[in-house]
Amino acid sequence: MRAKREETSTEDSIPYPLSPIPYILPPVSCPLEQLGDHMGNPTGFIEIPRGEVGHRPIAERIKDWYEIDRPLVELALNRQAARCMDCGIPFCHSSGCPVKNRIPEFNDLVYRDRWRDAAANLHSTNNFPEITGRVCPAPCETACTLASNDEPVMIKHIEYQIAERAFSEGWVTPLKPKTRTGKRAAVIGSGPAGLAAAQQLTRFGHDVVLFEKDDRLGGLLRYGIPDFKMEKHVLDRRLEQMVSEGLKCEPNVTVGVDLGVAELRKRFDAVVLCLGAGKARPLAVHGADLDGVHFAMDYLPQQNRLTAGDSISSGGRPLISAKKKHAIVVGGGDTGSDCVGTAIRQGALSVTQLEILPRPPDDANPETPWPFWPKIMRTSSSQEEGCQRYWSALTKAVTGKNGRATHLHGCEIDWVEGPRGWEMKERPGSDFTLPAELILIAMGFVHVVHEELVEKLGVKLDGRGNVAVDRWMTSVPGIFAAGDTVRGASLVVHAINHGRLAAAAVDKWLKK
Ligand SMILES: Cc1cc2nc3c(=O)[nH]c(=O)nc-3n(C[C@H](O)[C@H](O)[C@H](O)COP(=O)(O)OP(=O)(O)OC[C@H]3O[C@@H](n4cnc5c(N)ncnc54)[C@H](O)[C@@H]3O)c2cc1C
Ligand code: SF4
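Residue numbers 765 to 1276, in the working numbering, belong to the letters of the sequence shown in order.
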């Protein structure tokens, strides 16, 4: 039974920009035992159509770096939460959400107007719901039982709203440990895995130092994800909570270079490597060394720094900008999409995105039936802002003038299954040339950087070059690892999950 989709009206949206919010918190009791057996509104999914989060108009939002979403108002939220049905096995929780958020429970609490209990429930499984509520691709929603033949519950947005409400009501306060263990743990790398591990270990009562080689904390949350997806005050207010809980932070320290391995082992009883997967996949074609060809992760952090008020030239680096240039993004994934939105805001003459894989099906894909993550055609809000996209497109060369890139040359390909698996085959006569003064390489990441620390520690790697772990411990006793360092380039929610699980393993090991 499919109800018509609910359009987001202006009355349903909180006007942008949101007013500044205070952010510290008292602990709250877990409300689960007070819930009944059934969802508050068992027929809500029949009566109420799904709503959608609005976006600021394109013409307005491409002139600034603020978040683009227009959140629903509380009344609309209550209706959306009422769509969560009594489905028996909540696949959203059991197979969709990596941190195992207790989704039907917080939906029901929102429906019953018990927001503070909903916030306690949500924080019991996820350290940073205000972050996942903004940037998670929401595998919970594609796994929602309703999604099998209808529109899923707006789980991600309800999560966002609960988290924002918790901050604005002052329910987010430091959760200091009651006793201290005297054990010392170092967490290296302050992306979502490192932040989650550090917060959990601090709350377990250990003395934790979080090291970060960048000047600010947050990893890719700070210097990868653009502000139009997540403004950085969101990170700062959470960091303030973590520091108040007793976490010590040391930015501007590259462990393995500024702090040697021997000293690290001497100072700490346990170490958690949350270094990310920083080794980018290169574009190995003629002309890739020309000026104007850059890795996405040399480009995006610069804009995040500029948005934060930094001056790029003061760091001695050349400014990479798309202003008045034809920009081409090589790579059709999320990093590429962030490059698209950034280039458009910088004033590119045109933005083109090339993807080497074929165009996915528009709707259902039999290869990925419910409740799996469907491999279907998606258009990001950045692509919507004005980007020409090509699929099955192979980059063959870059040419230029006076050492600077001017054109990208490519062709269309077919993927053919051969004896060695899928292989690319050029489509005869499909060569193309595009003007390109800025070429951004967003072709994914190979694995964690080995040279700075991983090799010096002597930890074993898996077949893909990631750090190998057994129950979160590496091959070197006392050294643990989590996040993209272990999984390869992935998602924020997986990193948070890894950080939490690794922290639990460290805690057990330290208490042995
Ligand atoms: C541009 C971009 C956009 C993305 N957008 C999304 C999104 O919208 N949603 C989503 O779910 N995922 C997104 N991702 C993926 C997501 O950001 C990552 O999966 C996640 O951040 C991984 O977390 P992490 O903690 O493992 O590593 P990271 O976030 O990479 O953090 C690792 C940190 O370790 C530090 N470090 C490394 N070596 C050392 C050392 N020797 N000493 C000290 N510090 C060190 C690094 O400086 C870095 O700060 C995006 C990724 C990119 C690149
Ligand atoms: S963290 Fe992601 S998968 Fe989990 S409930 Fe939130 S949006 Fe869904």
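Note that CB positions come from ideal geometry on N, CA and C, so glycine has one too. All values derive from a computational prediction rather than experimental measurement.
Distance from the Cα of Met1141 is smallest, within the candidate group Gln1005, His1058, Asn1129, for Asn1129. Classified as buried, Phe809 has 16 or more neighbouring CB atoms from the shown chains inside 10 Å of its CB. Closer than 6 Å to some heavy atom of ligand 2: that does not describe the Cβ of Pro1138. Look at Gly1247: its beta carbon is less than 6 Å from one of the heavy atoms in ligand 1. Your pair Thr1116 and Ile1084 does not check out as a contact, with CB atoms roughly 17 Å apart and the cut at 8 Å. A straight line joining the alpha-carbon of Asn805 with that of Arg847 spans about 8 Å. Separation of Cys908 and Val917 (C-alpha to C-alpha, rounded to the nearest whole angstrom) is 7 Å. Across the structure, His970 and Thr945 are spaced so that their CA atoms are roughly 5 Å apart.
Under DSSP, Arg1168 shares a beta bridge with Asp1055, Lys1165. Between His1171 and Ala1200, the gap from beta carbon to beta carbon is short of 7 Å. Remark: the C-beta of Cys904 is in contact range of ligand 2, defined as less than 6 Å to any heavy atom.
Annotation note: the region 1144-1208 contains the following uninterrupted alpha helix (DSSP H) runs of length 4 or greater, listed N- to C-terminal: 1145-1148. Cβ-Cβ distances below 6 Å link Asp1098 to nothing in the same chain once the five nearest sequence neighbours on each side are left out. For the pair Thr1132 and Cys851, the Cα-to-Cα distance works out to about 21 Å.
Here DSSP, grouped into helix, strand and coil, assigns Cys1013 to strand.
Between Gly958 and Leu1221, the alpha-carbon positions lie close to 18 Å from each other. In the structure shown, the three-state DSSP call for Leu965 is helix. Minimum Cα-Cα distance from Val1025 among the listed residues Ala950, Ile812, Met1006 corresponds to Ala950. Residue ranges of uninterrupted beta strand (DSSP E) with 3 or more members, entirely inside the region 886-962 and ordered along the chain, are 948-952. In this structure, Val1257 has its beta carbon less than 6 Å from a heavy atom of ligand 2. At a threshold of 6 Å, Ile989 does not count as near ligand 2, since its beta carbon sits no closer than that to any of the ligand's heavy atoms. According to the DSSP assignment, Ala840 belongs to the alpha helix (DSSP H) that extends over 838-845.
With 16 or more neighbouring CB atoms inside 10 Å of its own CB, Phe1209 falls in the buried class.
Leu1023 carries a strand assignment under DSSP once its states are collapsed to helix, strand and coil.
For the pair of segments examined, the region 992-1000 was found to touch the region 893-901: the number of CB pairs separated by less than 8 Å reaches three. Proximity of the beta carbon of Thr1143 to ligand 2 is not indicated: no heavy atom of the ligand is located closer than 6 Å.
Under DSSP, Gln1066 forms no beta bridge with any residue. For the options Arg967, Lys827, Phe1059, Glu1014, the alpha carbon positioned closest to that of Arg1109 is the one of Lys827. By the criterion of a C-beta distance shorter than 6 Å, Leu1039 is surrounded in its chain by Gly953, Val1212, Thr1249, once the five residues flanking it on both sides are discounted. Counting of Cβ neighbours within 10 angstroms places Ala1048 among the exposed residues, the total staying below 16. With contacts defined as CB atoms closer than 7 Å, Gly1010 and Thr966 qualify as a contacting pair.
By the Cβ test, the region 1259-1274 is not in contact with the region 1052-1063, since fewer than three Cβ pairs between them sit closer than 8 Å.
Rounded to the nearest whole angstrom, the C-alpha separation of Lys1224 and Gly1247 is 16 Å. For Arg929 against Ala883, the beta-carbon gap comes to about 7 Å, under 8 Å, which counts as contact. Short note on Asn865: C-beta closer than 6 Å to some heavy atom of ligand 2.
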